[in-house]
Structure formats: structure tokens, C-alpha cells
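First up is the structure itself, then whatever we jot down about it.
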């Protein structure tokens, strides 16, 4: 469910008519929806699609990106815009792919720059000694299959 007021996508609706959003915005939803809409724009460039993607990316950059270019896991807009600061490898790579798809669709160098910085963040902070970690932590543990698969997608 798209948030027309603030950009980004809500996780789901609390009713069957999809008129009442659940006020949590998950990083993996942002990345996947941005990718889908960017690919749609690349195939059929409509202003309405552009008007969805650009505010969504602005929301992610302003609310979900750390100063080191890692992405936070979620935002709870219902609880004073509380940000859950977990940085999960696969979800970061999903968002990185969203930025790459947006760069390809809109030819905006800023999106490429953020994707590259995010990729360096993943490489420098979430991959160590031949393994990928699941989450940024002082006590990291090995990643799951998606923590390996999503970062490999751009290659």
C-alpha cells in the first residue's frame, strides 16, 4: 500500500478493502516495490510511476538510511516514527537493487551513487573472512541463503 503523503510503502492493510494501512514500513518492501515500479517505468515511462518511485526513494534516504549508507530494517510510523535500526544483509541488498533499478530507469546518478555506497557498506561491514553475516552486530553470525543471494544479484 503506497503512502502518498510521505512516500514509501506500508507493509499491509488491516482490512480487506485495503483502505487502512498497517503503519509499519519494512525495508524489503521498499526495495522490492521500488524495483518493480522502476522496471515498469523503464518499459512504459509514465509520470504516475515516476511520482511513486521518487518519493519512495526520498523516504528511504531520509528515514531508513544510516550515515554510513546501511539501511535500517523498518519504520513504525504509528509510534512517533520509531526507526528499528537493525541492519540486515539481505534486506540491504534488496534496497541496493532497488536503487540500481531506479538508476537504470531514471538515469539519475544519485541513485547509482547510493547503490555503490550501500554495496561498499555491505562489503566492508557485513562480509568478513569469506562469509556473509546476517545482521550488523558486535557478535555477528553467519548469514542465511538470502544473505548470500541478494548481494550477488547485481553481478
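Residue numbers (our numbering): 1 to 155. Beta carbons are placed, not taken as given, at the ideal position from N, Cα and C, and that holds for glycine. Bear in mind the structure is a predicted one, so any value in this text is a computation, not a measurement.
Open item on the list: Just to confirm, is the Cβ distance from residue 33 to residue 4 under 9 Å?
Closed with: Here the question's residue 33 lines up with position 33 in the chain shown. Here the question's residue 4 lines up with position 4 in the chain shown. At a Cβ-Cβ threshold of 9 Å, residue 33 and residue 4 do not count as neighbours.
Task: Straight-line gap, residue 68 to residue 109 (C-alpha atoms, nearest Å) - done: For the purposes of this step, residue 68 is taken as residue 68 along the chain shown, with counting starting at 1. For the purposes of this step, residue 109 is taken as residue 109 along the chain shown, with counting starting at 1. So the alpha carbons of these two residues sit roughly 19 Å apart.
- [ ] Mark residue 113 as exposed unless 16 or more other C-beta atoms lie within 10 angstroms of its C-beta, in which case mark it buried.
- [x] In the chain shown, counting from the first residue as 1, residue 113 sits at position 113. Flag for residue 113 reads exposed.
TODO: Give the DSSP bridge partners of residue 26, in chain order.
DONE: Against the chain shown, residue 26 aligns to sequence position 26. Bridge partners of residue 26: 74.
TODO: Per DSSP, which residues does residue 131 bridge with? Please list them.
DONE: Sequence index remark: in the chain shown, residue 131 carries index 131 (1-based). DSSP lists 128 as partners of residue 131.
Open item on the list: On the DSSP letters alone, give me the boundaries of the alpha helix (DSSP H) that residue 47 sits inside.
Closed with: Taking the chain shown and counting its residues from 1, one reaches residue 47 at position 47. Its alpha helix (DSSP H) spans residues 47-59.
Task: Distance, residue 120 Cα to residue 154 Cα - done: Residue 154 sits at position 154 when you count from the first residue of the chain shown. Residue 120 sits at position 120 when you count from the first residue of the chain shown. Answer to the nearest angstrom: the Cα atoms are 13 Å apart.
Open item on the list: Suppose the cutoff is 7 Å on Cβ atoms and the five residues either side in sequence are ignored; what does the same chain contact list for residue 141 look like?
Closed with: Along the chain shown, read from residue 1 onward, the residue named residue 141 stands at position 141. Listed in chain order, the non-local C-beta contacts of residue 141 below 7 Å within the same chain comprise 133, 134, local neighbours out to five positions each way being set aside.
Task: residue 111, DSSP secondary structure in three states - done: To locate residue 111, count along the chain shown from 1; it is residue 111. For residue 111, the three-state secondary structure derived from DSSP is helix.
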